[in-house]
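Input: a single structure, listed below in structure tokens.
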Amino acid sequence: MLANHSFCTTYLSGVVTYLVGGYHASVDALAAHPTSRAGS
1 MLANHSFCTT YLSGVVTYLV GGYHASVDAL AAHPTSRAGS
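Using full-length UniProt numbering, you'd call the opening residue of the sequence shown number 1 and step up by one each time.
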């Protein structure tokens, strides 16, 4: 039970990190794009 809980916590943490990392990467890519900067 404890090991399973630890695995679930680690898995969810990894998923959240992946989603947040991908989100920030997308934002950085859009921010670096000249047309997006001109549009905003």
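Ideal Cβ placement from N, Cα and C applies to all residues, glycine included.
Remember, predicted model here, so these are calculated numbers, not experimental data.
Could you check the C-alpha separation between residue i and residue j for me, to the nearest Å?
| i | j | result |
| --- | --- | --- |
| Tyr11 | His33 | 33 Å |
| Ala29 | Gly22 | 10 Å |
| Ser13 | Asn4 | 14 Å |
| Ser6 | Val16 | 15 Å |
| Thr9 | Val20 | 16 Å |
| His24 | Ala31 | 10 Å |
What three-state label does DSSP hand residue i in the structure shown?
| i | result |
| --- | --- |
| His33 | coil |
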